[in-house]
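Asks: 67 is the number that numbering that gives the first Met the number 0 gives to position 68 of the sequence shown; each next residue is one higher, with no gaps. One structure, pasted below without further comment.
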Amino acid sequence: MRQYWADIYENRDEEEVLKHLDADFAVNECGHYVQEVGGASRPLGRMDYQILYVASGRVFFWLDDRKWQAEGGSMLIYPPYRRQMYSYDSTVTSDVYWIHFLGKKVNTLLDQLDLIPMTPMYGHLPESGLDLWEQIIREMLYKRPNHQFMTTALACQLLTTLSRCRLQTGIKKDQQQELVEAMIDEINKNYPYELSVEQMARKNGMSVAWLNKRFKQYTGFSPQQYITKTRLSHARQMLSESAYNISEIAQMCGYPDPLYFSRLFHSRFGCSPKDFRQKR
0 MRQYWADIYE NRDEEEVLKH LDADFAVNEC GHYVQEVGGA SRPLGRMDYQ ILYVASGRVF
60 FWLDDRKWQA EGGSMLIYPP YRRQMYSYDS TVTSDVYWIH FLGKKVNTLL DQLDLIPMTP
120 MYGHLPESGL DLWEQIIREM LYKRPNHQFM TTALACQLLT TLSRCRLQTG IKKDQQQELV
180 EAMIDEINKN YPYELSVEQM ARKNGMSVAW LNKRFKQYTG FSPQQYITKT RLSHARQMLS
240 ESAYNISEIA QMCGYPDPLY FSRLFHSRFG CSPKDFRQKR
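Here it is, written out as structure tokens:
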């Protein structure tokens, strides 16, 4: 059963908050409430950013020009020094998570993740996302060794998960993306064998040029580049973890010619397979 923590560990010391201002990214407070009443009225806002995530129930937010009724799967980000006014709906029990953070690179991070302050957003977190929140809470509560580093890492993962859930909510994969993902699966399953981009294109009723363009759009690589990258990544792992000789590894990764395999390996990783293995 999920545990519910109050804000007994909340950082209320303004001097302590100021210490984090020179950091790139730092978590200041974190918590989880399950209750029917409560809320906040902060006309001048706070010094840090705050994310409120409504897992279930109902919370009313007063934004600049309107009242927003937030239900399960809703989230809002308050930036520093913006008025905060919200209240729980007393007719239901609300399950709400919150986290405060600050730092020099927060604006850039939120922009990269497409998380927009003061904008109603939606995206149901999976159980693993809520577990991340609970882990941050426990790190701040128990203050184990190096808990600040762990808290920062978990918070970055949490923000990324929130962003991914928001972007995926209500967005159906288009046919092109599904096709590219199917080809990625095929490459990863069959990389030891002969793979022909022309045959893959023909099998799916498209031209090689169209396939190259769409594949690169979604992955950043052409199909042939992705095949090579996948094979060489497996080869590097086998050089590190297995006792097979280089010719055997080349064969097992789809390269019957060990000299050609060595040239490709050197081009990608900056050393020969033999040198790579000796360094390991």
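Every residue, glycine too, gets a C-beta built ideally from N, C-alpha and C.
Considering just the uninterrupted stretch of the beta strand (DSSP E) at Y77, what are its terminal residues?
Replies: It spans 73-77 - the beta strand (DSSP E) in which Y77 sits, taken as one unbroken run.
Asks: Should T160 and G128 be called a contact, given that it needs their Cβ atoms to be closer than 7 Å?
Replies: Yes. Within cutoff.
Asks: Would the segment 245-253 and the segment 227-237 be scored as touching if the rule is three or more Cβ pairs under 8 Å?
Replies: Segments in contact, yes.
Asks: Which first and last residues belong to the alpha helix (DSSP H) in which H31 is found?
Replies: Premise fails: H31 lies in the beta strand (DSSP E), 25-34, not in any alpha helix (DSSP H).
Asks: Going by C-alpha to C-alpha distance, which of R65, D64, G71 sits closest to V58?
Replies: Answer by Cα proximity: G71.
Asks: What residues are listed by DSSP as bridge partners for M84?
Replies: In the DSSP output, where bridge partners are listed per residue, M84 has S40.
Asks: Under a Cβ-count criterion, where at least 16 other Cβ atoms within 10 Å of its own Cβ denotes burial, should L258 be classed as buried or exposed?
Replies: Exposed, since its Cβ has fewer than 16 Cβ neighbours within 10 Å.
Asks: With Y217 as the anchor, note down where its alpha helix (DSSP H) starts and where it stops.
Replies: Element bounds for Y217: 207-218.
Asks: Residues in its own chain within less than 7 Å of Q175 by CB, not counting five upstream and five downstream?
Replies: Excluding residues within five positions, the ones whose Cβ falls inside 7 Å are R213.
Asks: Using a Cβ-Cβ cutoff of less than 7 Å, which residues in the same chain neighbour D256 once the five nearest sequence positions on both sides are dropped?
Replies: Nothing listed; no residue qualifies.
Asks: What does the Cβ neighbour count give for I187, buried or exposed, with the cut at 16 atoms within 10 Å?
Replies: According to the sequence as given, residue 187 is Asn; it is not Ile. With fewer than 16 Cβ atoms within 10 Å of its Cβ, N187 is classed as exposed.
Asks: Taking all protein chains shown into account, do 16 or more other C-beta atoms lie within 10 angstroms of the C-beta of W132, making it buried, or fewer, making it exposed?
Replies: So W132 counts as buried.
Asks: What does the alpha-carbon distance come out to for the pair Q167 and N106?
Replies: When rounded, the distance between both Cα atoms is 22 Å.
Asks: Can you check DSSP and say which residues form a bridge with Y96?
Replies: Partner(s): H31, Y52.
Asks: Use the C-beta contact count for S93: other C-beta atoms within 10 angstroms, 16 or more gives buried, fewer gives exposed.
Replies: Result: buried.
Asks: Taking the alpha-carbon positions, what's the I98 to N27 distance?
Replies: If I take the Cα positions, the gap works out to 8 Å.
Asks: Determine the DSSP secondary structure at E247, reduced to helix, strand or coil.
Replies: E247: helix per DSSP, three-state reduction.
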